[in-house]
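Undergrad: This is the structure, below, for whatever I ask next.
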Amino acid sequence: EPEVTQTPSHQVTQMGQEVILRCVPISNHLYFYWYRQILGQKVEFLVSFYNNEISEKSEIFDDQFSVERPDGSNFTLKIRSTKLEDSAMYFCASSGRPGLAGGGTQYFGPGTRLLVL
Amino acid sequence: DAKTTQPTSMDCAEGRAANLPCNHSTISGNEYVYWYRQIHSQGPQYIIHGLKNNETNEMASLIITEDRKSSTLILPHATLRDTAVYYCIVRLIFGNEKLTFGTGTRLTIIP
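If you read the protein sequences in the order shown, they are chains A and B. Just so you know, the first sequence maps onto residues 1 to 117 in our numbering. Just so you know, the second sequence maps onto residues 1001 to 1111 in our numbering.
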């Protein structure tokens, strides 16, 4: 069964450093998402991306964050200058075309645990 | 904010059916009901979704009331591996709308 994969599984970084989190979505999916979950809190939406453009972003997704699809298979989330409060699990998700056939179901990766020291 | 309400926690004996309720009284006609679960800190796992008819797949069954204001997720024969937080989420049929997660129901399967 196709699945979403993420690398790295864990990342430890110093405050102020840049990090890039990578995601390989399911191969025929065209809609991509990033979510995060701070320890003990809810899963929060960050950004959605389609056709090389951001579709929607939350207030969390400020100028320190960016997303990119550098090639036909990867989807990345970059945090330019990490802060302590960026420590969280980051999940990417992908979906097919939304519609009555249920193609818009989002499938999640296993996550990247980011720890900012 | 999440448009659904769920009990905070539930217990179920291993081997029994686990019935998880969800209220979504403000659901509109162009919104699905989705169910996901999260085991420990793993990525949310898709379980099932429905519009107005009852649905069944290899993981679970989804019963949606006729007025669509509530639904029940049924795990027919719960195992210890079904211990997780279960999320009921309402989402538009069309468009790539985000998923809005609430606090979900923490289901504990008791041996």
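For every residue, glycine included, the Cβ atom is placed at its ideal position computed from N, Cα and C.
Is the separation between the beta-carbon of L21 of chain A and that of T7 of chain A shorter than 9 Å?
TA: Locating residue 21 of chain A in the first sequence gives position 21, counting from the first residue. Locating residue 7 of chain A in the first sequence gives position 7, counting from the first residue. Yes, the pair counts as a contact, with Cβ atoms nearer than the cut-off.
Undergrad: Using beta-carbon positions only, say whether L117 of chain A and H10 of chain A come within less than 9 Å of one another.
TA: Counting from 1 along the first sequence, the entry for residue 117 of chain A is found at position 117. Counting from 1 along the first sequence, the entry for residue 10 of chain A is found at position 10. Cβ distance not < 9 Å, so L117 of chain A and H10 of chain A don't count as in contact.
Undergrad: Could you check if I79 of chain A is buried or exposed, using at least 16 other CB atoms within 10 Å of its CB as the buried criterion?
TA: As a first step, residue 79 of chain A is located in the first sequence; it is residue number 79 there, counting from the start. Per the 10 Å Cβ criterion, buried.
Undergrad: For the segment 70-95 of chain A, enumerate the residues whose C-beta is nearer than 9 Å to any C-beta of chain B, in chain order.
TA: Of all residues in the segment 70-95 of chain A, only M89, F91, C92, A93, S95 place a beta-carbon less than 9 Å from a beta-carbon of chain B.
Undergrad: In the structure shown, what three-state DSSP assignment does E85 of chain A receive?
TA: As a first step, residue 85 of chain A must be located in the first sequence, where it is residue number 85. Correct three-state label for E85 of chain A: helix.
Undergrad: Give the interface partners of S1161 of chain B over in chain A, defined as CB-CB distance under 9 Å, in chain order.
TA: Here chain B covers residues 1001 to 1111 and nothing more, so residue 1161 of chain B does not appear.
Undergrad: Mapping DSSP to helix, strand and coil, what is L1080 of chain B?
TA: The sequence position of residue 1080 of chain B within the second sequence is 80, counting from 1. Note: L1080 of chain B maps to helix in three-state DSSP.
Undergrad: Which two residues bound the contiguous beta strand (DSSP E) that contains H1049 of chain B?
TA: Mapped onto the second sequence, residue 1049 of chain B falls at position 49. That run of the beta strand (DSSP E) goes 1045-1050.
Undergrad: Compute the Euclidean distance between the alpha carbons of S55 of chain A and Q1045 of chain B, then round it to the nearest angstrom.
TA: Indexing the first sequence from 1 puts residue 55 of chain A at position 55. Indexing the second sequence from 1 puts residue 1045 of chain B at position 45. So the two alpha carbons sit approximately 23 Å from each other.
Undergrad: Given that V43 of chain A touches chain B, what residues does it touch there, using C-beta distances under 7 Å?
TA: Taking the first sequence and counting its residues from 1, one reaches residue 43 of chain A at position 43. Neighbours of V43 of chain A on chain B, chain order: P1044, F1101.
Undergrad: Please confirm whether V1033 of chain B and H1024 of chain B have their CB atoms less than 9 Å apart.
TA: Reading the second sequence from its first residue, position 33 is the one you call residue 1033 of chain B. Reading the second sequence from its first residue, position 24 is the one you call residue 1024 of chain B. Annotated as proximal: V1033 of chain B and H1024 of chain B, with beta-carbon spacing under 9 Å.
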